[in-house]
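In the working numbering, the protein residues as written are 35 to 239.
Written out as structure tokens, the structure reads:
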């Protein structure tokens with residue numbers, strides 16, 4: 035019955051627009067280092083994202099990274115830090131909250147500091163993208179079931195064509211990863227291959 039409920043009324047195609055952003059969600063040291071209490075092995079996903087960034091930069095496309103970082107005392111973390119105590123390692127100015135050096139933000143690329151799951155919640159991201167005429171958000175990063183999902187839902191709600199190259203997102207376990215890709219594909223985003231995105235970027239002027 036559940037499969038029947040995801041029939042022809044779901045999973046329509048949104049498609050690419052004319053002005054993309056590559057939005058790299060939380061590929062920071064705390065998440066990409068398996069030794070971190072928040073970490074996992076995202077080697078393949080980081081490498082796929084590196085390839086995507088290389089192509090995007092060659093076309094001078096907008097690139098935005100996100101990180102999660104808290105003030106001393108964690109008063110800006112609300113109940114989130116009670117739910118996920120491991121977030122305490124995410125201190126402003128620490129190595130843990132820096133973007134993974136394999137991706138290395140370039141001059142002019144924004145790093146948005148967020149406090150919660152969505153890249154849009156409580157940040158200036160929507161106005162930043164709108165101000166640059168962005169119409170398509172290509173979302174990469176981690177985790178699929180957490181910050182990627184929350185950011186993708188908000189991306190759609192803010193009016194952006196939302197695209198997720200599946201090789202460029204990951205989770206700590208395959209179960210939630212696959213389940214959330216299924217749900218995102220059904221309702222909120224186009225789930226495509228990295229090659230699809232590279233071909234799209236290649237044809238941009």
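We put the CB at the ideal spot given by N, CA and C, even for glycine.
Residue pairing by DSSP puts residue 57 in a beta bridge opposite 98, 173. Taken atom to atom, the span from the alpha-carbon of residue 183 to that of residue 208 is near 15 angstroms. In this structure, the CA atom of residue 158 is about 14 angstroms from the CA atom of residue 101. Residue environment for residue 122: exposed (fewer than 16 other C-beta atoms within 10 angstroms of its C-beta). Nearest Cα to residue 65 within the set 229, 178, 194, 237: 178. With three or more CB-CB distances shorter than 8 angstroms, the stretch 191-208 counts as touching the stretch 164-181. Under DSSP, no beta-bridge partner is assigned to residue 84.
In this structure, the beta-carbon distance from residue 55 to residue 95 falls below 9 angstroms. In the three-state reduction of the DSSP assignment, residue 168 falls in the coil class.
Secondary structure within the stretch 120-190: the alpha helix (DSSP H) runs of 4 or more consecutive residues, fully enclosed, are 159-165 (chain order). Following the DSSP letters along the chain, one finds residue 224 inside the beta strand (DSSP E) bounded by residues 224-226. In the three-state scheme derived from DSSP, where H, G and I count as helix and E and B as strand, residue 203 is classed as strand. Comparing alpha carbon positions, the residue from 214, 127, 238 closest to residue 187 is 214. According to the DSSP assignment, residue 210 belongs to the alpha helix (DSSP H) that extends over 208-221. By the CB criterion at 9 angstroms, residue 232 and residue 85 fall inside the cutoff. The beta-carbon distance between residue 176 and residue 76, rounded to whole angstroms, is 6 angstroms. This is short enough to meet the 8 angstroms contact definition. Residue pairing for residue 195: DSSP places it in a beta bridge opposite 170.
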